[in-house]
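In the numbering used here, the protein residues as written are 938 to 1134.
Positions of the beta carbon are idealized from the N, C-alpha and C atoms, including for glycine.
To start, the structure under review is shown below, and the notes come after it.
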């Protein structure tokens, strides 16, 4: 009788451990499934973001080739290395065929020559050069000549994105200015242009 009770007790304890192990195995399986689902979701989001960036890059590249583009800057860096974040619709470098415009405007109480806190200069674009390396990085340069501007403009856009930087090198001073932002086709830009000279 004692043997029977011992045997039944052992069977019940063993069955309990088996059920507990099965539940733990199921919990581990659920955790692994959640991790796999989370990684798949992240991979899908990365792929979608890369596709959007690549499409933006292609549009920007076509706009550069057609000479109808705008670099809408959200950051301006001065020659001493100091930088400031700015509004992209009032800080830009624009090219429309053979005409170019450089505008910077800061949020200040002083309206500046352009009436919106900075300077706007128009000029003719000449000596245009564009190179695309094997990786797809774009180097674009031109000269801007006008009443208020005489400068060399250098644009660098990295592959797979429309993010770019523009360096404006004035010919008669060393007050270089770098604008960082995104290149968009001229017809898709949303700009507010101040008074130019």
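Beyond the five residues adjoining it in sequence on each side, residue 1069 comes within less than 6 Å, by CB distance, of 1075 in the same chain, given in chain order.
When the Cα atoms are used, residue 1047 and residue 1054 turn out to be separated by approximately 6 Å.
Distances from the CA of residue 1088 to each of 998, 1079 and 1127 were compared; the closest alpha carbon is that of 1079. Taken atom to atom, the span from the alpha-carbon of residue 1098 to that of residue 977 is near 23 Å. By the CB criterion at 8 Å, residue 1103 and residue 1030 fall inside the cutoff.
Under the DSSP assignment, residue 1040 falls in the beta strand (DSSP E) whose first and last residues are 1036-1042. In this structure, the beta-carbon distance from residue 1082 to residue 1057 does not fall below 8 Å. Residue 1123 is a Cβ neighbour of residue 1006, given a cutoff of 8 Å.
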